[in-house]
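>
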Amino acid sequence: MKKTMEIMRNAIRIRKMFISLVATIICIWAFFQNHLFAKVIISPFIICSISMFGENIFLLFNKDKISNIFKYIFRVSFFVYVFGFLAYMVYYSFAYKSYSFLIGVAIFLPFVIYFFRRSFFNKNHKS
-9 MKKTMEIMRN AIRIRKMFIS LVATIICIWA FFQNHLFAKV IISPFIICSI
41 SMFGENIFLL FNKDKISNIF KYIFRVSFFV YVFGFLAYMV YYSFAYKSYS
91 FLIGVAIFLP FVIYFFRRSF FNKNHKS
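Just so you know, we're using the numbering used here here: the sequence shown kicks off at -9 and counts up by one.
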């Protein structure tokens, strides 16, 4: 039974590696097809997909410490993107006097802060 579970976990990791590799290839292609502003938007997705690939490849070889480094890189990149997007929405709302966007920011910000705190500062959860 334990051997079967390990085989299933490895199959899932290989599937995740394949998906993240495809996402990396698509993002890199899109990165080189676009201009500066779009490249800034695409960059976190490249970092996230590469870190997901790295995390799963090291989990496959039972290198948990290195895998956790890639997991941390993924989290940092993801939250930089999310907070950057929310900050841009606040800027856009004030710059173009379109204050209805602030409602969306106000709805999502508590959830983002909750998940940020849970990802980086909660010592009781298993990562």
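For glycine and all other residues, C-beta sits at the position ideal for the given N, C-alpha and C.
Note that the structure is a prediction, hence the values are computed from the model and not measured.
Going by C-alpha distance, which of S41, F73, F27 is nearest K6?
The shortest C-alpha separation from K6 is found at S41.
> Using a 10 Å radius around the Cβ and a threshold of 16 neighbouring Cβ atoms, would you call N46 buried or exposed?
Counting Cβ neighbours within 10 Å, N46 comes out buried, since at least 16 surround it.
> To the nearest whole angstrom, what separates the beta carbons of F48 and F35, a pair I think is in contact under 8 Å?
Their Cβ separation, rounded to whole angstroms, is 21 Å, which puts F48 and F35 out of contact at 8 Å.
> Out of C38, I16, I15, M79, state which residue places its alpha-carbon closest to the alpha-carbon of M96.
With the sequence shown as reference, residue 96 is identified as Ala, and Met is not the correct amino acid for it. For A96, the nearest C-alpha among the options comes from M79.
> Apart from the five residues on each side of it in sequence, which residues of its chain come closer than 8 Å, Cβ to Cβ, to V102?
Excluding sequence neighbours, V102 sits near F69, V72, F73, L76.
> Rounded to a whole number of angstroms, what is the C-alpha to C-alpha distance between P100 and F43?
Computed Cα separation, rounded: 29 Å.
> Which word fits I135, buried or exposed, when buried means at least 16 other C-beta atoms lie within 10 angstroms of its C-beta?
Residue coverage of the chain in this structure runs from -9 to 117, which leaves residue 135 outside it and unanswerable.
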